[in-house]
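The structure under discussion appears below in the form of structure tokens.
Residue numbers (my numbering): 1059 to 1526.
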């Protein structure tokens, strides 16, 4: 019986047969609490159809400071008002049959301490399908909450967003890093954002006179991360030369700055991330196998966004707030039709594509809510909006003021692209990350286009037909 009940008790919700298994246990209450104490570390509370507390396991006692006897003498509303400060949660659960999953709340213990918990409430069903009560699971996430706050306060690390199991695995990995004696700085580097020469200087530093423009010594990211952790994002884009230097750091804990022959020693933990298959790159001769094995100590595979759709609402909230602040808009929400479209889309470009779609939608919407007409998903991205102008940024007029939809004729394709890039850069006031997102290209591709067309990349960068 314990084996059959484990999934529903640990997960807090499950198929009907699991609820029925728990009902059998409830009908034999004398042995249930011993079973619950042995198979789950989550606080588990069951409420019968009359609203009385029926089961209160040992983990719930530890979280709340209440004994089973004390809890069993209370109504569900009295209990949850006492431990959560409000009875609204259990009222909602009793009315709707469920709550959550994994809604964050604060439990107030008898000693006055507070702990973060994830709350899930699910119905307990009889054979007839009628509800026999409610099962509430309290999962202690205080350590996870403190880790999140530490990452934000200490490292300004806002990039991990999500409730899904893969995201929790990422948090657990960082928790291991943070709790294993590494107390120094956390230094992130995007390996895809810079060309080889600049990336080498960025990672390892340089000395004065090492190359044209090196007017003074510069400390590299590895030096900055000494005693802590360096996070190498998009490591699959790293050139063979940089791979050799990175391998030396991993093997011997030393490197030379550009233009310097004296080795420098560092003690750094390396975290790496990529959206490419490194093993395929190894077999294709594009990534060193010895570096691959050096890096591949602990691996976490983060599934594509389409396989963790529960994270989409949280990501939407984050990106809407972020881009509303950046663009000076007051967008606050997403309409139901738009949310259905976003939840149903396959997201081949994963989180970056979602960020791009939301940034464009925030820019284009005229109201405080993103509607489905504001979205450009997949192949629709380059098509005009129904009943309106083109979905993308408008092209400048010849006078450089205002905007109009890009003309279909009259300019060569390269001229049109140059003017388009120049206008987007002017529109974003030279913020290249934002311009690249609006253009739907990588930052590296934008830099290449700027060099190709001789654009400065700032607000003054003028394309053809614009006033310089």
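No residue lacks a Cβ here, since even glycine has one placed at the ideal position from N, Cα and C. Keep in mind the model is a prediction, meaning the values are calculated, not measured.
At what residues does the beta strand (DSSP E) containing residue i begin and finish?
i            : result
residue 1189 : 1189 to 1198
residue 1248 : 1244 to 1248
residue 1122 : Taken as a continuous stretch (DSSP letters only), residue 1122 belongs to no beta strand (DSSP E), being part of the alpha helix (DSSP H) at 1116 to 1122.
residue 1330 : 1327 to 1331
Just verifying my parser: in three-state terms, what is the DSSP assignment at residue i?
i            : result
residue 1513 : coil
residue 1313 : strand
residue 1100 : coil
residue 1269 : coil
residue 1180 : strand
residue 1289 : strand
residue 1113 : strand
residue 1455 : Interpretation of residue 1455 is limited by its pLDDT of 40, a score under 50 that renders its predicted location unreliable; the figure taken from the coordinates is listed afterwards. In the structure shown, residue 1455 sits in coil (DSSP, three-state: anything other than H, G, I, E or B).
residue 1390 : coil
residue 1221 : Any reading at residue 1221 is ruled out, since the residue's pLDDT is 48, under 50, leaving its predicted position unreliable.
residue 1276 : strand
residue 1043 : Because residue 1043 is not part of the residues shown, which for the chain are 1059 to 1526, the question remains open.
residue 1297 : coil
residue 1432 : helix
residue 1427 : strand
residue 1201 : helix
residue 1446 : Below a pLDDT of 50, predicted positions are generally treated as unreliable, and residue 1446, at 39, falls in that range; no measurement from the model is reported.
residue 1467 : With a pLDDT of 39 at residue 1467, under the threshold of 50, the modelled position of this residue cannot be trusted; read the value that follows with caution. In this structure, residue 1467 counts as coil in the three-state DSSP scheme.
Evaluate residue i with the Cβ neighbour count: other Cβ atoms within 10 Å of its Cβ, from every protein chain shown; 16 or more gives buried, anything less gives exposed.
i            : result
residue 1510 : exposed
residue 1337 : exposed
residue 1400 : buried
residue 1181 : buried
residue 1485 : buried
residue 1260 : buried
residue 1122 : buried
residue 1021 : No answer is possible for residue 1021: it lies beyond the span of the chain, which begins at 1059 and ends at 1526.
residue 1495 : buried
residue 1355 : exposed
residue 1487 : exposed
residue 1256 : exposed
residue 1512 : exposed
residue 1358 : exposed
residue 1057 : Outside the shown range of the chain, which is 1059 to 1526, sits residue 1057, and nothing can be said about it.
residue 1491 : exposed
residue 1308 : exposed
residue 1398 : exposed
residue 1424 : exposed
residue 1539 : Because the chain spans 1059 through 1526 in this model, residue 1539 falls outside it and cannot be assessed.
Less than 9 Å separating the beta-carbons of residue i and residue j?
i            : j            : result
residue 1195 : residue 1151 : no
residue 1163 : residue 1153 : no
residue 1268 : residue 1317 : yes
residue 1396 : residue 1432 : yes
residue 1348 : residue 1198 : no
residue 1246 : residue 1291 : yes
residue 1393 : residue 1416 : no
residue 1183 : residue 1174 : no
residue 1501 : residue 1112 : no
residue 1339 : residue 1286 : no
residue 1289 : residue 1303 : no
residue 1008 : residue 1327 : No information on residue 1008 is available, as it lies outside the stretch 1059 to 1526 that the chain covers here.
residue 1254 : residue 1192 : no
residue 1135 : residue 1126 : no
residue 1129 : residue 1148 : no
residue 1352 : residue 1305 : yes
residue 1310 : residue 1283 : no
residue 1374 : residue 1412 : yes
How about residue i: is its C-beta nearer than 9 Å to some C-beta of chain D?
i            : result
residue 1504 : Of the chains in the structure shown, none is chain D; there is only one protein chain.
Quick check on the DSSP output: the alpha helix (DSSP H) that includes residue i runs from which residue to which?
i            : result
residue 1375 : 1370 to 1385
residue 1350 : 1347 to 1353
residue 1259 : 1254 to 1262
residue 1490 : 1490 to 1497
residue 1284 : Unbroken run through residue 1284: none, as it is neither H nor E.
residue 1419 : 1408 to 1422
residue 1341 : 1336 to 1341
Please determine whether the Cβ atom of residue i lies at a distance below 8 Å from any heavy atom of the ligand ADP.
i            : result
residue 1129 : What this structure holds is no ligand at all, so the ligand ADP is not there to describe.
Quick one: which unbroken alpha helix (DSSP H) runs of 4-plus residues sit fully inside the stretch 1127 to 1179? Chain order, please. Those alpha helix (DSSP H) runs which fall completely within the stretch 1127 to 1179 and span 4+ residues are 1134 to 1142, 1146 to 1154.
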